[in-house]
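S.K.:
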Amino acid sequence: MSDPLGIISNIQRASPALGGGGAPKGAPGDFREELLRQIGEVNKLQEDATVAAEDVLTGRRNDVEGVMLATRKADSAFRLLLAVRNKVMDAYDEVKQMRV
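Here this note's numbering is used: the first residue of the sequence shown is 284, the next is one more, and so on.
#1: Go ahead and label Ala353 buried or exposed: buried means 16 or more other beta carbons lie within 10 angstroms of its beta carbon, across all protein chains shown.
#2: Kindly indicate which residue of Ala360, Met351, Phe361 and Leu363 has the alpha-carbon position closest to the one of Glu337.
#3: Assign Leu328 to buried or exposed, taking buried as 16 or more other Cβ atoms, counted over all protein chains shown, within 10 Å of its Cβ.
#4: Do the CB positions of Gln321 and Leu364 come within less than 8 Å of each other?
#5: DSSP on Asp346, reduced to helix/strand/coil?
#6: With a threshold of 7 Å on Cβ separation, who are the neighbours of Val347 within its own chain once the five nearest residues in sequence on each side are excluded?
#7: Quick check: the Cα distance between Val325 and Arg343, rounded to an integer number of angstroms?
#8: What does a CB cutoff of less than 6 Å around Ala384 pick up in its chain, not counting 5 residues either side in sequence?
#9: Is it the case that the Cβ atoms of Ala335 and Gly349 are separated by a distance below 8 Å?
Listed below in structure tokens is the structure:
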């Protein structure tokens, strides 16, 4: 799967275990902010794909290949975001089951 939003490369830059510099100390909410930014980016890609498809249907655009690429990119981005969400939910379930 490709990385249309750059999530994987951002994680590699930020993670010391993966050779990155790490997040600056005292920066709470970075994960939340990054996740919200990525959700917004996926939403924008989906809106762009919808507008492109509508433009083809109304005749304002004849670039079918571009529409297909925009749709595929939006789909890949959504699938990647969904996979991240599923991993977060799995991690939450594991933490919830831990005994203290």
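Backbone N, C-alpha and C define an ideal beta-carbon position, used for all residues, glycine too. These numbers come from a predicted model, not from an experiment.
M.R.: To lay it out plainly:
#1: So Ala353 counts as buried.
#2: Checking every option, the nearest Cα to that of Glu337 belongs to Met351.
#3: buried
#4: yes
#5: coil
#6: Here the set comprises Val339.
#7: 24 Å
#8: For residue 384 there is no data in the structure shown, the boundaries of the chain being 284 and 383.
#9: yes
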